[in-house]
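Taking our numbering, I'd label the letters of the sequence shown as residues 1 to 394.
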Amino acid sequence: MHTKIAIIGAGPSGLLLGQLLQRAGIDNVIIERQSAEHVLGRIRAGVLEQGTVDLLREAGVGARMDREGLPHDGFDLAFDGRLAHIDLPPLTGGKRVMIYGQTEVTRDLMQARAAAAAPTFYSASDVAVHGLKSGKPYVTFSHAGQPVRLDCELIAGCDGYHGVSRRSIPEGVLKTFERVYPFGWLGVLADTPPVNPELVYASHERGFALCSLRSPTRTRYYIQVGNEERVEDWSDERFWAELKRRLPAPVAARLVTGPSIEKSIAPLRSFVVEPMQYGELFLVGDAAHIVPPTGAKGLNLAASDVSTLFNILRKVYGEGRRDLLQRYSAVCLKRVWKAERFSWWMTSLLHRFPDTDAFSQRMQQAELDYFVGSPAGRQSIAENYVGLPYEPIE
Ligand code: APR
Ligand code: PHB
Numbered sequence: 001m002h003t004k005i006a007i008i009g010a011g012p013s014g015l016l017l018g019q020l021l022q023r024a025g026i027d028n029v030i031i032e033r034q035s036a037e038h039v040l041g042r043i044r045a046g047v048l049e050q051g052t053v054d055l056l057r058e059a060g061v062g063a064r065m066d067r068e069g070l071p072h073d074g075f076d077l078a079f080d081g082r083l084a085h086i087d088l089p090p091l092t093g094g095k096r097v098m099i100y101g102q103t104e105v106t107r108d109l110m111q112a113r114a115a116a117a118a119p120t121f122y123s124a125s126d127v128a129v130h131g132l133k134s135g136k137p138y139v140t141f142s143h144a145g146q147p148v149r150l151d152c153e154l155i156a157g158c159d160g161y162h163g164v165s166r167r168s169i170p171e172g173v174l175k176t177f178e179r180v181y182p183f184g185w186l187g188v189l190a191d192t193p194p195v196n197p198e199l200v201y202a203s204h205e206r207g208f209a210l211c212s213l214r215s216p217t218r219t220r221y222y223i224q225v226g227n228e229e230r231v232e233d234w235s236d237e238r239f240w241a242e243l244k245r246r247l248p249a250p251v252a253a254r255l256v257t258g259p260s261i262e263k264s265i266a267p268l269r270s271f272v273v274e275p276m277q278y279g280e281l282f283l284v285g286d287a288a289h290i291v292p293p294t295g296a297k298g299l300n301l302a303a304s305d306v307s308t309l310f311n312i313l314r315k316v317y318g319e320g321r322r323d324l325l326q327r328y329s330a331v332c333l334k335r336v337w338k339a340e341r342f343s344w345w346m347t348s349l350l351h352r353f354p355d356t357d358a359f360s361q362r363m364q365q366a367e368l369d370y371f372v373g374s375p376a377g378r379q380s381i382a383e384n385y386v387g388l389p390y391e392p393i394e
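In structure tokens, the structure reads:
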């Protein structure tokens, strides 16, 4: 079997890249370890930056998002028992964000790919990439009990943090940057009406809390928990009681509770590898970088990597500009590091760290108070939250 671009992984990165390439007439094959149902079963974040929204529309998968997604003009920061509203459009030249779950983005992309009858291998096992610096790369895997060899021109490693692509790059090539935070997020999905029309990010002495939503009838809430916590120890009642304690009284009074549909704990991590390319292999999205979820940047950063790679590939295949392939990593990393900074900063600002002493606590409070009290501070938060501009490829 032969294709131009072999895409490893059918998460949002792989599916979006595949969809854009498909529309541009550039042959591609996706190889995914899990079944489509398994991929759709993952509950992930739900805030899309303007750039991501525009890219999904460009990919021809924006119709349901535009119908069902909820455009949000702002969010609240809660601290000291009060709420400070960040009003996005006036601070960002009219930009806003869209509330639309990653699961729904993935579903729309899968449907578009099926409609285009683009080749996709789900439930592939033993996926391996070969010849990364040979000029003739190929991918091998097993599918339905049969060994498959896929020859290609380039490989897009869209297989997430635990994937095979990054691990196939020889030792010593990549420089890794990492910060593991001493806490995680316990998340609950419930069919309850949202406590607030917009998101509330709450800093509280008992720890961080976030009120988010998927629709007018479905909510997603998170609380900061220690890394030693186990989800089995958190009954719904215990979760709702703890969430309530961390919200300002007027918000807590509006909280409607109900049975959880999903409940899980995710650790918080910042992680980047440099460079994001090795020979004919390009790392995209979570395969190359992880952000803590506080800034809602994970999916959006994946989308900007995809945009960069797609714009380069379009010129490679349309204009013979192979030279641009060498630009991929540097262009992506400029934006990646800025999103890493914002995610780290929001995390540091809003969470309780085990070693926070009285002085550090006052510093956190003063920083929050300063940022929300100053037009420059609010603008800085807003322009990062809606997403910094995409970097040009040349
Ligand atoms: N072979 C093939 N597929 C693989 C392999 C492998 N060896 N290892 C992992 N995969 C698949 C996973 O099953 C998953 O479906 O790669 C896909 C990677 O998807 P994500 O982890 O969702 O990563 P990405 O597409 O880059 O999306 C980034 O999704 O994970 C969130 O927080 C992240 O929101 C961000 C966005
Ligand atoms: C979510 O809705 O899951 C969500 C929203 C905002 C975040 C993180 C997660 O910053």
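Ideal placement from N, C-alpha and C gives every residue a C-beta, glycine not left out.
None of these values were measured; they are calculated from a predicted model.
As assigned by DSSP and simplified to three states, the class of residue i
i      : result
Trp234 : coil
Gln277 : strand
His162 : coil
Ser215 : strand
Leu70  : strand
Asp108 : helix
Ser125 : strand
Ala156 : strand
Arg33  : coil
Val173 : coil
Asp191 : coil
Val47  : strand
Ile290 : strand
Asn227 : coil
Ile86  : strand
Tyr328 : helix
Thr140 : strand
Tyr222 : strand
Ala209 : strand
Phe282 : strand
Val61  : coil
Arg245 : helix
Glu178 : strand
His351 : coil
Thr92  : helix
Leu40  : helix
First and last residue of the uninterrupted beta strand (DSSP E) at residue i
i      : result
Ile265 : Ser260 to Glu274
Leu77  : Gly74 to Phe79
Ser374 : It is not in any beta strand (DSSP E) - Ser374 carries neither H nor E in the DSSP assignment.
Ile422 : In the structure displayed, the chain extends from 1 to 394; residue 422 sits before or after that span and is not available.
Arg6   : Rather than Arg, the amino acid found at residue 6 in this sequence is Ala. Counting along the chain, the beta strand (DSSP E) containing Ala6 begins and ends at Ile5 to Ile8.
Val251 : Run containing Val251: none in the beta strand (DSSP E); it sits in the alpha helix (DSSP H), Ala249 to Arg254.
Arg149 : Gln146 to Asp151
Tyr201 : Val200 to Ala202
Ile99  : Val97 to Ile99
Residue j beta carbon less than 9 Å from that of residue i
i      : j      : result
Ala202 : Leu77  : yes
Leu83  : Ile169 : no
Leu109 : Ala303 : no
Gly279 : Pro12  : no
Glu179 : Arg269 : Note on residue identity: the sequence assigns Arg, not Glu, to residue 179. In contact: Arg179 and Arg269 (Cβ atoms closer than 9 Å).
Met276 : Asp305 : yes
Leu199 : His38  : no
Phe177 : Thr294 : no
Val97  : Val291 : no
Ile8   : Glu153 : no
Glu49  : Asn300 : yes
Segment limits, alpha helix (DSSP H) that includes residue i
i     : result
Gly14 : Pro12 to Arg23
Met1  : Taken as a continuous stretch (DSSP letters only), Met1 belongs to no alpha helix (DSSP H), as it is neither H nor E.
Residue i CB to nearest heavy atom of ligand 4 below 8 Å
i      : result
Tyr161 : As far as ligands go, the structure on display features ligand 1 and ligand 2 and does not contain ligand 4.
Cutoff 9 Å: residue i Cβ touching any chain D Cβ
i      : result
Gly258 : Note that chain D does not occur in the displayed structure, where there is just one protein chain.
Cβ pair count under 8 Å reaching 3, the segment 246–256 against the segment 155–164: no
Lining residues of ligand 2 - beta-carbon closer than 5 Å to any non-hydrogen atom, in sequence order: Ala45, Gly46, Val47, Ser212, Arg220, Pro293 and Ala296
Stretch-stretch touch, CB-based, cutoff 8 Å, three pairs: the segment 263–273 with the segment 183–192: yes
Touching by the beta-carbon criterion (3+ pairs, under 8 Å), the segment 295–314 and the segment 17–28: yes
Contact the segment 323–343 vs the segment 45–59: 3+ CB pairs below 8 Å: no
Stretch pair the segment 27–37 + the segment 138–156: three plus CB contacts closer than 8 Å: yes
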